[in-house]
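Printed below as a string of structure tokens:
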């Protein structure tokens with residue numbers, strides 16, 4: 046059996062050098078653990094979602110240059126990661142599969158979401174072919190995010206072609222109770238097609254989106270055997286999926302929503318070059334919750350409260366503002 050590493054990392058849209066360094070750091074770490082293959086999220090190199098940056102030819106070109114550097118500068122381990130592939134006048138949401146400077150395969154996402162927060166059809170051309178790759182005695186099929194949500198879609202096609210393992214690289218955004226929906230979809234694909242699935246999801250905040258990570262591994266009976274952390278970067282490992290015991294399913298909790306808000310604020314500030322926040326404190330629950338999130342996301346030294354009483358403010362509202370600031374360890378003027 047091959048040892049697979051799942052690199053659940055937090056990328057930044059357009060930060061090619063930062064993403065490149067994070068990818069190489071992850072590769073170095075998993076190589077030390079003896080991994081044969083490391084899997085990264087969807088559009089690892091560009092960050093997700095790149096949106097109208099894809100219209101810039103220089104952006105797409107730089108993304109390919111970074112891929113070439115990774116291919117050329119890594120050895121001793123196989124890698125699957127997401128990037129933008131350009132062919133003639135078309136762009137593809139792609140997954141590259143390579144080892145020791147050589148491409149093993151290149152998959153183009155077949156099903157492009159174009160609803161809710163997604164508008165991939167604006168930029169990408171759908172792929173039209175699935176391939177199974179022989180890797181160290183295992184026949185691997187690759188899919189990208191939305192592909193695995195389609196019944197009788199790419200996973201079924203890959204199974205018919207002899208796939209013994211499905212790899213899915215994703216950038217699936219979080220909303221309340223999303224993890225239960227996602228878990229059910231992947232479990233059904235694994236069970237219906239009698240094939241194990243390794244699912245690597247992006248983590249981090251990007252503008253208005255929050256990605257929860259929570260990467261999964263399911264056996265060919267659709268049983269969850271590994272669940273990685275939520276709202277944190279993490280490197281996970283899996284080897285003999287068939288012998289792994291069922292994982293403990295983590296229940297949906299209110300804490301998930303809070304951690305999502307903290308991560309969203311933290312990454313919005315960090316990725317936009319901000320460090321400090323000034324908040325108006327009213328003594329009410331709204332500003333109290335906002336201040337608590339800001340302190341956890343940015344650190345108390347980077348949050349300042351401003352008490353702004355009016356003729357409508359009660360004495361208690363003003364005093365509560367100062368008590369809140371004291372409890373959080375921030376200044377309040």
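In this note's numbering, the protein residues as written are 46 to 378. Every residue, glycine too, gets a C-beta built ideally from N, C-alpha and C. Values in this document were obtained by computation on a predicted structure and should not be read as measured data.
Selected residue, minimal CA-CA separation from residue i, among the options
| i | options | result |
| --- | --- | --- |
| residue 350 | 341, 333, 170 | 333 |
| residue 294 | 308, 282, 274 | 274 |
| residue 323 | 175, 108, 214, 378 | 378 |
| residue 355 | 236, 128, 328 | 328 |
| residue 133 | 164, 159, 170 | 170 |
| residue 299 | 253, 55, 221, 312 | 221 |
| residue 195 | 235, 321, 290 | 235 |
| residue 109 | 94, 65, 75 | 65 |
| residue 164 | 95, 62, 91 | 95 |
| residue 302 | 287, 276, 318 | 276 |
| residue 251 | 50, 58, 97 | 58 |
Alpha-carbon spacing of residue i relative to residue j, whole angstroms
| i | j | result |
| --- | --- | --- |
| residue 147 | residue 207 | 23 angstroms |
| residue 105 | residue 99 | 6 angstroms |
| residue 130 | residue 102 | 12 angstroms |
| residue 230 | residue 296 | 17 angstroms |
| residue 181 | residue 280 | 22 angstroms |
| residue 342 | residue 270 | 31 angstroms |
| residue 124 | residue 143 | 5 angstroms |
| residue 118 | residue 376 | 49 angstroms |
| residue 372 | residue 256 | 30 angstroms |
| residue 291 | residue 268 | 6 angstroms |
Simplified DSSP state of residue i, which is helix, strand or coil
| i | result |
| --- | --- |
| residue 288 | helix |
| residue 187 | strand |
| residue 19 | It is not possible to answer for residue 19, since the shown part of the chain is limited to 46 through 378. |
| residue 160 | coil |
| residue 120 | coil |
| residue 110 | helix |
| residue 55 | coil |
Beta-carbon proximity check, residue i vs residue j, cutoff 8 angstroms
| i | j | result |
| --- | --- | --- |
| residue 203 | residue 138 | no |
| residue 84 | residue 243 | yes |
| residue 369 | residue 326 | yes |
| residue 52 | residue 245 | yes |
| residue 177 | residue 184 | yes |
| residue 150 | residue 187 | yes |
| residue 54 | residue 86 | yes |
| residue 121 | residue 156 | no |
| residue 214 | residue 140 | yes |
* Taking only runs that begin and end inside the region 211-269, name each unbroken alpha helix (DSSP H) of 4 or more residues, in chain order. => Counting only runs of 4 or more, we get 223-238.
* Asked: What runs of the beta strand (DSSP E), each 3 residues or longer, lie entirely inside the region 287-341?
  -> Every beta strand (DSSP E) stretch that sits fully inside the region 287-341 and reaches 3 residues is listed by chain position as 322-326.
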